[in-house]
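If you read the sequence shown in this note's numbering, its first letter stands for residue -3, the second for the next number, and so on. Beta carbons: idealized from backbone N, C-alpha and C, even for Gly.
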Amino acid sequence: MCLAVPGRVLEIEERDGTRMATVDFGGVVKEACLEYLPDLQVGEYAIVHVGFALQKLDEESARQTLELFAQLGLLQEEFGDPWEMAAEAGGLPLPGVGEAPQEARQ
-3 MCLAVPGRVL
7 EIEERDGTRM
17 ATVDFGGVVK
27 EACLEYLPDL
37 QVGEYAIVHV
47 GFALQKLDEE
57 SARQTLELFA
67 QLGLLQEEFG
77 DPWEMAAEAG
87 GLPLPGVGEA
97 PQEARQ
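(1) Please report the straight-line C-alpha distance between E95 and I8, rounded to a whole angstrom.
(2) For G47 and G86, what's the separation of their Cα atoms in angstroms?
(3) Taking 7 Å as the limit between beta carbons, can you name the residues of its chain near L70, skipping five residues before and five after?
(4) Taking the DSSP output, what are the residues bridged to E31?
(5) Ignore the nearest five residues each way along the sequence and tell me which others in I43's own chain have a CB closer than 6 Å to its CB.
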């Protein structure tokens, strides 16, 4: 599933003529293009979909949405480790998870 997720702009810079931002999505930090929202400023919130900030959002709405997504497990689904999720879906154990340290196994 690919969601549009609210995030808080931490930093803005111009890269190769494109306005880019570092965005915090409830603890997960990613890059997003701000070309559709040229007036967005550091500290403001926006809905981001596939790396593009699409709509400005007020802080309360952003926090409520992030909280709901977290409760439903959608943030993990959207931003989680794809290898870990594939292993879980296939019923395979994850390397290093639940295993005793090497010294203890000897």
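Concretely, from the data shown:
(1) Taking the sequence shown and counting its residues from 1, the one referred to as residue 95 is at position 99. Taking the sequence shown and counting its residues from 1, the one referred to as residue 8 is at position 12. The predicted model places E95 with a pLDDT of 49, which falls under 50 and marks its position as unreliable; any figure quoted below should be read in that light. Roughly 42 Å between the two C-alpha positions.
(2) Counted from its first residue, the sequence shown places residue 47 at position 51. Counted from its first residue, the sequence shown places residue 86 at position 90. Answer to the nearest angstrom: the Cα atoms are 29 Å apart.
(3) Within the sequence shown, numbered from 1, the residue matching residue 70 stands at position 74. Closer than 7 Å at the Cβ level, and outside the excluded window around L70, lie L(-1).
(4) On the sequence shown, position 35 is the one that residue 31 refers to. E31 is not bridged to any residue.
(5) Indexing the sequence shown from 1 puts residue 43 at position 47. So the qualifying residues of the chain are A0, P2, L50, Q51 and L53.
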